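Chains as they are written, first to last, in our numbering: chain A, 1 to 212; chain B, 1 to 274.
In structure tokens, the structure reads:
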């Protein structure tokens, strides 16, 4: 009971003291509550700009963007032993977010043929393939600058292929090259009968996905 | 609060009582409510994973084809029947002691290739120079190749078109390679009967299969005619001197048809059968 009276007295004193302080502050301080209203309010949500651009070097040695109507490999190319075809590529991130990209080569279709020994064969069994990447054009030239270098970098059999994902920062670019060749050692087993040439239909896809 | 908890959420520990029905219903209700809230949240929550693909049109990869046209003239400039005995394979029957002029002409859209000569009556296998692109040819290209053949016995020769570069091409500068036929070089080729081990490995792989049996269409059936003595117009018998004249006439007559022939000696190919 005595404690309760004692605490009541203390709290009363503190309250009075606080009121006195507040009153004293009023003589030298000002209190304001600012507010403002605006009739027009616009909330803008900016979506990240995600843009992949892939180009290849055409017959005029100019970079040309690839789209669904572009043929990267020349239709006039005729493969025979020792023939090498190289297509330089440029992959650019023209967006505002970094992404990872990969290159895929897909055999969409093929046609078998009969060779000079009356045997059926598939053209892709006698072709070699390779994909190389570099950060600059100069580095790419070191990889595919001449026939020997291109052949060294095209040792895989031609089949559906997916490269590893490579990171590409916003505004960055990568250079690459697709190499398809027929080795010099290919004998007459791929020299087809006049009844119809063998062929392989290749699809090239570059896929980019945002980094997580 | 305590009563609400005990009625709707309390699950007694194992062995200390049964779970009330209200507890089960309340749990089901909470689960359904959570699902409804999540579904409702989808209407005002946005999320995205950006991807971008670029695909080209389908690219066609195809091959070239190489073949060779063959024409053979005898010493009287008469054409010899060349039979299509297989795919890219042609056969000609040559008589002994007659100098034949063979002309090989590139056919097909391949840039280069060559011909392989072989036969059942002789063991050697001959490669010709490249037809088409050849950096060692005048102008880097050779679309036609001429040479002569002379057999010591009647012989059947198979000409097999082969694309690519001959394995003997590296011996281009090697004058001792008698099995590499060049244009109008002074080369003699001696043919011996086939021995079982005489073929080199690379020649075996290049041929891939033995010479197939001749499949002669009815319209191109060959006839085996008895040998006749060939007499010049004036009835004189052919002597060695006359043979040389005929040979030089046969070679000089080809100069007007294509590239100019040198005045040097022609390539003479002797085929001997034993």
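Glycine residues also receive a C-beta, built at the ideal position from the N, C-alpha and C atoms. Please read these numbers as outputs of a predicted model, since none were measured by experiment.
Contact under 8 Å by Cβ, residue i with residue j
i, j, result
"residue 56 of chain B", "residue 130 of chain A", "no"
"residue 181 of chain B", "residue 147 of chain B", "yes"
"residue 128 of chain A", "residue 61 of chain B", "no"
"residue 170 of chain A", "residue 82 of chain A", "no"
"residue 104 of chain B", "residue 70 of chain B", "yes"
"residue 73 of chain A", "residue 168 of chain A", "no"
"residue 106 of chain B", "residue 140 of chain B", "no"
"residue 208 of chain A", "residue 63 of chain B", "no"
"residue 72 of chain B", "residue 197 of chain A", "no"
"residue 166 of chain A", "residue 175 of chain A", "no"
"residue 316 of chain B", "residue 140 of chain A", "This structure does not reach residue 316 of chain B, given that chain B is present from 1 up to 274, and the question cannot be answered."
"residue 201 of chain A", "residue 108 of chain A", "yes"
"residue 154 of chain A", "residue 143 of chain A", "no"
When the options are compared against residue i, the one with the closest alpha-carbon
i, options, result
"residue 285 of chain A", "A/179, A/144 and A/140", "Absent from the model: residue 285 of chain A. The displayed extent of chain A is 1 to 212, so no value can be given."
"residue 211 of chain A", "A/17, A/102 and A/19", "A/102"
"residue 156 of chain A", "A/192, A/201, A/126 and A/22", "A/126"
"residue 169 of chain B", "B/42, B/67, B/103 and B/127", "B/127"
"residue 68 of chain B", "B/82, B/74, B/121 and B/139", "B/82"
"residue 49 of chain B", "A/11, A/97 and A/14", "A/97"
"residue 76 of chain B", "B/53, B/84 and B/101", "B/101"
"residue 177 of chain A", "A/17, A/206 and A/119", "A/206"
"residue 59 of chain B", "A/34, A/145 and A/85", "A/85"
"residue 67 of chain A", "A/54, A/16, A/162 and A/5", "A/54"
"residue 56 of chain A", "A/91, A/69, A/34 and A/25", "A/91"
"residue 290 of chain A", "A/135, A/151, A/78 and A/145", "Only positions 1 to 212 of chain A appear in the structure, and residue 290 of chain A is not among them; the question remains open."
"residue 159 of chain B", "B/78, B/118, B/74 and B/43", "B/118"
"residue 61 of chain A", "A/87, A/71 and A/76", "A/87"
Span separating the alpha-carbon of residue i from that of residue j
i, j, result
"residue 95 of chain B", "residue 105 of chain A", "57 Å"
"residue 110 of chain A", "residue 164 of chain A", "25 Å"
"residue 189 of chain B", "residue 179 of chain B", "Note that residue 189 of chain B has pLDDT 48, beneath the 50 cutoff, so the model's placement of it is unreliable and no number is given."
"residue 129 of chain B", "residue 108 of chain B", "17 Å"
"residue 4 of chain B", "residue 23 of chain B", "10 Å"
"residue 162 of chain B", "residue 80 of chain B", "22 Å"
"residue 87 of chain B", "residue 193 of chain A", "7 Å"
"residue 165 of chain B", "residue 143 of chain B", "15 Å"
"residue 147 of chain A", "residue 89 of chain B", "32 Å"
"residue 50 of chain A", "residue 89 of chain A", "20 Å"
"residue 93 of chain B", "residue 110 of chain B", "28 Å"
"residue 58 of chain A", "residue 93 of chain A", "21 Å"
"residue 25 of chain B", "residue 33 of chain B", "12 Å"
"residue 115 of chain A", "residue 123 of chain A", "10 Å"
"residue 134 of chain B", "residue 84 of chain B", "27 Å"
"residue 63 of chain A", "residue 187 of chain A", "36 Å"
"residue 184 of chain A", "residue 120 of chain B", "29 Å"
"residue 31 of chain B", "residue 8 of chain B", "14 Å"
"residue 150 of chain B", "residue 157 of chain B", "11 Å"
"residue 7 of chain A", "residue 22 of chain A", "23 Å"
"residue 123 of chain B", "residue 113 of chain B", "23 Å"
"residue 3 of chain A", "residue 11 of chain A", "12 Å"
"residue 183 of chain B", "residue 116 of chain B", "15 Å"
"residue 19 of chain B", "residue 29 of chain B", "16 Å"
"residue 9 of chain A", "residue 35 of chain A", "40 Å"
"residue 161 of chain A", "residue 132 of chain A", "13 Å"
"residue 154 of chain B", "residue 80 of chain A", "37 Å"
"residue 11 of chain B", "residue 19 of chain A", "53 Å"
"residue 206 of chain B", "residue 177 of chain B", "Confidence is the limiting factor: at residue 206 of chain B the pLDDT is only 46, short of 50, which leaves the residue's position unreliable and the question unanswerable from this model."
"residue 235 of chain A", "residue 145 of chain B", "Nothing can be reported for residue 235 of chain A, as the shown portion of chain A is limited to 1 through 212."
Unbroken beta strand (DSSP E) run spanning residue i, endpoints
i, result
"residue 60 of chain B", "59 to 63"
"residue 168 of chain B", "Where residue 168 of chain B is concerned, there is no enclosing beta strand (DSSP E), given that its DSSP letter is neither H nor E."
"residue 141 of chain A", "Residue 141 of chain A -> not in any beta strand (DSSP E); alpha helix (DSSP H) instead, spanning 137 to 144."
"residue 52 of chain A", "52 to 57"
"residue 107 of chain B", "99 to 108"
"residue 150 of chain A", "Not the beta strand (DSSP E): residue 150 of chain A falls in the alpha helix (DSSP H), residues 147 to 152."
"residue 290 of chain B", "No information on residue 290 of chain B is available, as it lies outside the stretch 1 to 274 that chain B covers here."
"residue 143 of chain B", "Neither: residue 143 of chain B is in no beta strand (DSSP E) and is coded neither H nor E."
"residue 129 of chain A", "128 to 134"
"residue 112 of chain B", "112 to 119"
"residue 125 of chain B", "122 to 128"
"residue 179 of chain A", "173 to 181"
"residue 133 of chain B", "131 to 133"
"residue 90 of chain A", "84 to 93"
"residue 90 of chain B", "89 to 94"
"residue 104 of chain A", "99 to 111"
"residue 203 of chain A", "199 to 210"
"residue 166 of chain A", "166 to 168"
Endpoints, alpha helix (DSSP H) assigned at residue i
i, result
"residue 24 of chain B", "21 to 41"
"residue 68 of chain B", "Unbroken run through residue 68 of chain B is the beta strand (DSSP E), 66 to 73; no alpha helix (DSSP H)."
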